[in-house]
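S.K.:
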Amino acid sequence: MIHSRPDTVSVIGLGDMGTALANTFLKAGYPTTVWNRTARKANALVNKGAQRAASVAEAISASEVVVVCVLDYAVMQEILHAAEDILPGRLLVNLTNGTPQQARKTAAWAAACGAEYLDGGIMATPSMIGQPEAFILYSGSAVAFDAGQAILNTLGGSQYLGADAGLASLYDLSLLSGMYGLFAGFLHATALVGTEKVEARAFTPMLTSWLKVMLQVLPNLAEQIDTGRYDGAVESNLSMQAAAYHNILQASREQGLDPGLMTPLKTLMDQRLAEGYGTDDLSGLIPLIRKPTMYHTS
Ligand code: FVH
20 MIHSRPDTVS VIGLGDMGTA LANTFLKAGY PTTVWNRTAR KANALVNKGA QRAASVAEAI
80 SASEVVVVCV LDYAVMQEIL HAAEDILPGR LLVNLTNGTP QQARKTAAWA AACGAEYLDG
140 GIMATPSMIG QPEAFILYSG SAVAFDAGQA ILNTLGGSQY LGADAGLASL YDLSLLSGMY
200 GLFAGFLHAT ALVGTEKVEA RAFTPMLTSW LKVMLQVLPN LAEQIDTGRY DGAVESNLSM
260 QAAAYHNILQ ASREQGLDPG LMTPLKTLMD QRLAEGYGTD DLSGLIPLIR KPTMYHTS
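Heads up, the sequence shown is in the working numbering, so the first residue is 20 and it goes up one at a time.
1) Based on the DSSP output, what are the partners of Arg71 in its beta bridges?
2) Any idea what DSSP makes of Asp138, helix, strand or coil?
3) Can you give the Cα-Cα distance for Thr281 and Glu97, rounded to whole angstroms?
4) Per DSSP, what are the beta-bridge partners of Asn113 in this structure?
5) Where Gly175 and Pro151 are concerned, what is the direct C-alpha to C-alpha distance, given to the nearest angstrom?
6) Can you give the Cα-Cα distance for Phe164 and Leu110, rounded to whole angstroms?
7) Any C-beta of chain B sitting closer than 8 Å to the C-beta of Glu135?
8) If you count every other CB in all the chains shown that lies within 10 Å of the CB of Ser74, and 16 or more means buried, which is it?
9) State the Cα-Cα distance for the pair Ser23 and Leu230, rounded to the nearest angstrom.
10) Does the beta-carbon of Ile79, which I'm using as the reference point, lie nearer than 7 Å to any heavy atom of ligand 1?
11) Measuring only from the beta carbon, is Val89 closer than 7 Å to any heavy atom that is part of ligand 1?
12) Using a Cβ-Cβ cutoff of less than 8 Å, which residues in the same chain neighbour Ile308 once the five nearest sequence positions on both sides are dropped?
13) May I have the straight-line CA-CA distance separating Ser317 from Met95, to the nearest angstrom?
14) Note the first and the last residue of the continuous alpha helix (DSSP H) segment covering Tyr190.
15) Between the C-alpha atoms of Ala166 and Phe44, what's the straight-line distance to the nearest angstrom?
16) Could you give the C-beta distance for Asp185 and Arg123, rounded to a whole number, given that I count them as a contact under 8 Å?
17) Give the straight-line distance between the Cα atoms of Ala39 and Asn62, rounded to the nearest whole angstrom.
18) Buried or exposed for His315, going by 16 or more other Cβ atoms inside 10 Å?
19) Hey, Leu257 and Tyr296 are a contact pair by Cβ (cut 8 Å); roughly how many whole angstroms apart?
20) Quick check: is any heavy atom of ligand 1 less than 7 Å from the C-beta of Val232?
21) From Gln70 to Gly139, what distance separates their C-alpha atoms?
22) Are Ala102 and Ala126 touching if we call contact CB-CB under 8 Å?
23) With DSSP run on the structure shown, which of helix, strand or coil describes Gly303?
24) Give the secondary structure of Ile98 by DSSP, where H, G and I count as helix, E and B as strand, and everything else as coil.
25) On the DSSP bridge assignment, give the partners of Gln178 in chain order.
26) Using 8 Å as the cut-off, can you tell me whether the region 245 to 262 makes contact with the region 297 to 304, which would need three or more C-beta pairs spanning the two stretches below that distance?
27) Looking at the structure shown, is Ile148 part of a helix, part of a strand, or coil, going by DSSP?
28) Assuming the contact rule is C-beta atoms closer than 8 Å, Leu226 and Leu276 should be a hit. Round their C-beta distance to whole Å, please.
29) Please classify Asn266 as buried or exposed, where buried requires at least 16 other C-beta atoms within 10 Å of its C-beta.
Written out as structure tokens, the structure is:
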């Protein structure tokens with residue numbers, strides 16, 4: 020049974036992110052216990068007042084709230100399975116990046132152990148933790164979220180998405196998909212302009228302004244996606260976009276670049292054009308993504 024306002028916390032995993040989490044709990048005045056495979060990474064935290072746990076079991080025993088932030092779920096499972104006996108009555112908050120299925124499986128395992136489980140997705144870099152721009156997505160036990168909210172709010176804005184433990188990671192990975200699309204475009208753009216010795220830092224302010232303008236297009240694309248009307252309020256039809264996109268790939272080759280980061284979108288455009296949807300918007304690629312036949316890799 021968790022206290023309505025638990026106020027002790029253990030952090031398991033002291034990589035860049037786990038260290039930032041532990042530092043933030045300490046700064047907020049919560050008694051904080053820490054454990055990491057490589058013990059020396061706890062030294063600075065211990066100097067600031069954290070308790071060092073000699074084992075994962077000791078870290079779990081020390082606190083009502085146990086935050087785990089390690090590389091991946093395989094590591095998380097390996098670490099926690101050895102300490103199942105002491106999990107009952109704890110609030111386990113797993114902030115390790117993973118998939119919805121991994122989160123649901125872990126929630127079922129935690130429930131069988133007698134722990135309350137929250138899965139989380141951290142939408143921040145380590146230096147943002149505890150700052151207003153940081154937000155963390157949670158899903159899983161509502162009881163756990165209500166109990167843990169005060170302590171978790173010290174890390175950033177907390178958004179509870181529902182009882183399905185897989186939701187936080189679904190949203191997290193969807194947001195990261197948008198982010199990596201942006202980063203891929205950024206890398207290709209700076210490489211392309213860089214073929215004529217334009218420095219990335221000189222070009223980036225112009226790119227940033229352009230992207231801010233293009234963000235305004237997203238609500239219309241979202242409307243088309245939700246209604247299935249890919250031909251609604253089209254300003255930039257797919258035939259035109261595919262022709263311009265072809266020039267990106269051709270110019271990249273001509274300038275001596277590998278266009279590989281950009282080619283998958285052209286493949287989808289061509290398929291959609293071949294199906295006769297040239298007057299639709301780019302949102303018309305959605306049915307192809309929902310019915311993947313081309314990209315069955317890892
Ligand atoms: N850093 C970031 O920008 C992102 C922001 C969003 C959330 N992610 C996720 O947070 C998890 C941890 O990320 P991290 O940045 O702390 O990662 P590292 O600095 O590489 O630290 C990894 C920790 O995992 C431990 N670890 C790895 N393998 C093992 C193992 N076999 N047994 C025990 N622990 C292991 C590692 O321990 P050590 O190497 O120091 O001994 C670190 O504590 C991650 O899911 C991100 O996707 C971060």
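C-beta atoms are modelled at their ideal positions from N, C-alpha and C, and glycine is treated no differently.
Just so it is clear, the structure is predicted and the values come from calculations on it, not from any experiment.
M.R.: On the basis of the coordinates in this document:
1) Val53
2) strand
3) Before going on, a small fix: residue 281 reads as Met here, not Thr. When rounded, the distance between both Cα atoms is 38 Å.
4) Val87 and Asp138
5) 6 Å
6) 9 Å
7) Annotation note: the requested chain B is absent from the structure, which comprises a single protein chain.
8) exposed
9) 45 Å
10) no
11) yes
12) Leu287
13) Here the model assigns Ser317 a pLDDT of 47, short of 50, so the residue's position is not dependable, and the following value carries that caveat. In a straight line, the C-alpha of Ser317 is about 21 Å away from that of Met95.
14) Leu186 to Gly213
15) 16 Å
16) At residue 185 the sequence reads Gly, which differs from the Asp that was named. At roughly 5 Å, the Cβ-Cβ gap stays under 8 Å, so Gly185 and Arg123 are in contact.
17) 14 Å
18) Residue placement at His315 is poorly supported in this model, since its pLDDT is 46, which falls under 50; the coordinates still yield a value, given next. Exposed: under 16 other Cβ atoms inside 10 Å.
19) 6 Å
20) no
21) 24 Å
22) no
23) helix
24) helix
25) Leu156
26) yes
27) coil
28) About 17 Å separates the two Cβ atoms, so there is no contact after all.
29) exposed
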